[in-house]
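Written below as C-alpha cells is the structure these notes are about.
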Amino acid sequence: MTDPISDFLTRLRNASRARLEECAIPHSKFKESLAAILTAEGYVLGHSVGADAQGHKTVVVKMKYVDGAPAITGLARVSTPGRRLYTRYTEIPRVLNGLGISILSTSKGLMKDADCRRTKAGGELVCNVW
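With the working numbering, you'll find the sequence shown wraps up at 131, consecutive numbering, no jumps.
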C-alpha cells in the first residue's frame, strides 16, 4: 500500500455503500484526525481507537445513515503521492457550492476549508467530502 490516506477513504466509501455499521482502519495520527473532522461535521457517528486481533492499533469509525441512505455520498482524494496540490487560503475550492467540505493539511494540523479561510491558513488539499 503506497497511499494510506486513499486506503482510508476507500474503506469508508466501501463501508457506506455496503451499509456496514462500522469500519476498522489501521491507525495513524493523520487518519485519526481525519475521522475526528468527519465526526465533527456529521458525516460519521463517531470514531474510537482500538486494537484488532493481532494487537495492532486501529481507528474504528461508526458509519452514519439518514433514512437508510449513507451520510457520505462522495469522497475524493485530491492530493496524491504523485501529484501534491497546495493551495492558498483564498484559492480553496468550494465543494458542491458549499454543501461539502475540503480537508487540508496545514501547519496548524488538519483543518476543514471554512476553518482555513477563517484563520487564513493554506496547505495541502487532502480530500473532498460531500
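Glycine residues also receive a C-beta, built at the ideal position from the N, C-alpha and C atoms.
If you check the CB distance, leucine 105 and leucine 35 do not come in under 8 Å. Here isoleucine 104 carries a strand assignment [DSSP, helix/strand/coil].
Across the set Val62, Trp131 and Ala122, the C-alpha of Val62 shows the shortest separation from the C-alpha of lysine 32. For lysine 30, the uninterrupted alpha helix (DSSP H) run begins and ends at 30-41, by DSSP. Approximately 5 Å separates the beta-carbon atoms of leucine 126 and valine 79; this is inside 8 Å, confirming the contact. For serine 7 and leucine 13, the gap between their C-alpha atoms comes out near 10 Å.
Residue burial is scored here from C-beta neighbours: tyrosine 66 has fewer than 16 other C-beta atoms within 10 angstroms and is therefore classed as exposed. Our two residues, alanine 54 and proline 5, have alpha carbons roughly 20 Å apart in a direct line.
Threonine 107 and glycine 69 have their alpha carbons spaced roughly 35 Å apart.
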